[in-house]
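Numbering (our numbering), first residue to last: 2 to 259. Report on one structure; see the data block that follows.
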Amino acid sequence: DQPRKEDDQLRKENDQLRIENGKLQNEIDERKAQFKNGQTILKLKAWSQYCAEGKGWRGWQKTSLYPDWRKEFFQAVDITLDPATAHPSLFLSEGNRRVTWEEKSQDLPEDPQRFYSLPCVLGHQVITTGRWYWEVEVGTHGAWDLGICRPHVMRKGRVCIKPEDGFWALRFYKQEYWALTSPETKLTVKVHPARVCIFLEYEEGSISFYNMVDKSHIHTLSQGAFGGPLKPFFRLWPSESEPLTICPGPEAAQNPLY
Numbered sequence: 002d003q004p005r006k007e008d009d010q011l012r013k014e015n016d017q018l019r020i021e022n023g024k025l026q027n028e029i030d031e032r033k034a035q036f037k038n039g040q041t042i043l044k045l046k047a048w049s050q051y052c053a054e055g056k057g058w059r060g061w062q063k064t065s066l067y068p069d070w071r072k073e074f075f076q077a078v079d080i081t082l083d084p085a086t087a088h089p090s091l092f093l094s095e096g097n098r099r100v101t102w103e104e105k106s107q108d109l110p111e112d113p114q115r116f117y118s119l120p121c122v123l124g125h126q127v128i129t130t131g132r133w134y135w136e137v138e139v140g141t142h143g144a145w146d147l148g149i150c151r152p153h154v155m156r157k158g159r160v161c162i163k164p165e166d167g168f169w170a171l172r173f174y175k176q177e178y179w180a181l182t183s184p185e186t187k188l189t190v191k192v193h194p195a196r197v198c199i200f201l202e203y204e205e206g207s208i209s210f211y212n213m214v215d216k217s218h219i220h221t222l223s224q225g226a227f228g229g230p231l232k233p234f235f236r237l238w239p240s241e242s243e244p245l246t247i248c249p250g251p252e253a254a255q256n257p258l259y
């Protein structure tokens, strides 16, 4: 009987220890959450002070990115390419997240949504509100335009990539960077961005481009107010073509737009 009593006592003590360990783990998790929330509050307080000094929301645009910064102020959006808009020389792959230019055009049905004058393609998603971001792998040797546009921009004839015609975009061509304003604005970029992050502030009327290699700000285009729906915009240049790939992520997958 004595050994049995000792075994029962040991089981009770082990059960009690498991309960106490569970309580301690819960307390540790709560402390971690409080610490993280405290850090966020400190950042928000610093941000409030920044705004109070008259620098405003858009002051963030020229700062370097810090870890989790995007999660605090923007939402990742899951972007896919719309085949109905793709120029016949553009080939989509990887679940419509990758676009490649080819010499031989595809024999595609006539579609009023399709680009014919320039090798462009739009994202499926329509944006009408909010703060969003998405990332694009641009490679190291290609030439491209990236940005946003109105859904009903010109597809045929003389298409000009500029705000007056419904485009807000950044260009990399022949090793030079340009903001596609009127006239175009030449930019100085110290490190080539093999990956570009695009931040859209719909209500504020601005789109910002960041270099995800060194986390630096490239340029911001400000509209004042977009006043209508927008779509992600992509263009490849045939003379210096390299694929563009939209980077999917766990946060983006949680925020599809249609």
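C-beta: ideal position from N, C-alpha, C; glycine also.
When DSSP states are grouped into helix, strand and coil, Phe-116 belongs to the coil group.
Leaving aside the five residues that flank Val-192 on each side, the residues in its chain whose CB is nearer than 8 angstroms to its CB run, in chain order, Asn-212, Val-214, Asp-215, Ser-217. If you ignore the 5 residues before and after Thr-141, its C-beta comes within less than 7 angstroms of the C-beta of His-193, Ala-195, all in its own chain and listed in chain order.
By alpha-carbon distance to Arg-151, the top candidate from Phe-168, Trp-145, Gln-17, Lys-163 is Phe-168. In this structure the stretch 93 to 101 does not lie against the stretch 159 to 173, because fewer than three pairs of beta carbons, one per stretch, are closer than 8 angstroms. At least 9 angstroms separates the beta-carbon of Arg-159 from that of Arg-115. Under DSSP, Ser-94 forms a beta bridge with Arg-99. Ranked by how close their Cα comes to the Cα of Pro-84, the residues Phe-75, Phe-74, Gln-76, Pro-113 have Pro-113 in first place.
Per the coordinates, the alpha-carbon of Thr-86 lies some 14 angstroms from the alpha-carbon of Ile-149.
Secondary structure within the stretch 115 to 187: the beta strand (DSSP E) runs of 3 or more consecutive residues, fully enclosed, are 121 to 123, 132 to 138, 145 to 150, 168 to 174, 177 to 180 (chain order). For Cys-198, the enclosing beta strand (DSSP E) starts and ends at 196 to 202. His-220 is classed as buried because its beta carbon has at least 16 other beta carbons within 10 Å across all chains shown.
Ranked by Cα distance from Glu-241, the options His-153, Ile-80, Pro-110, Phe-173 are led by Phe-173.
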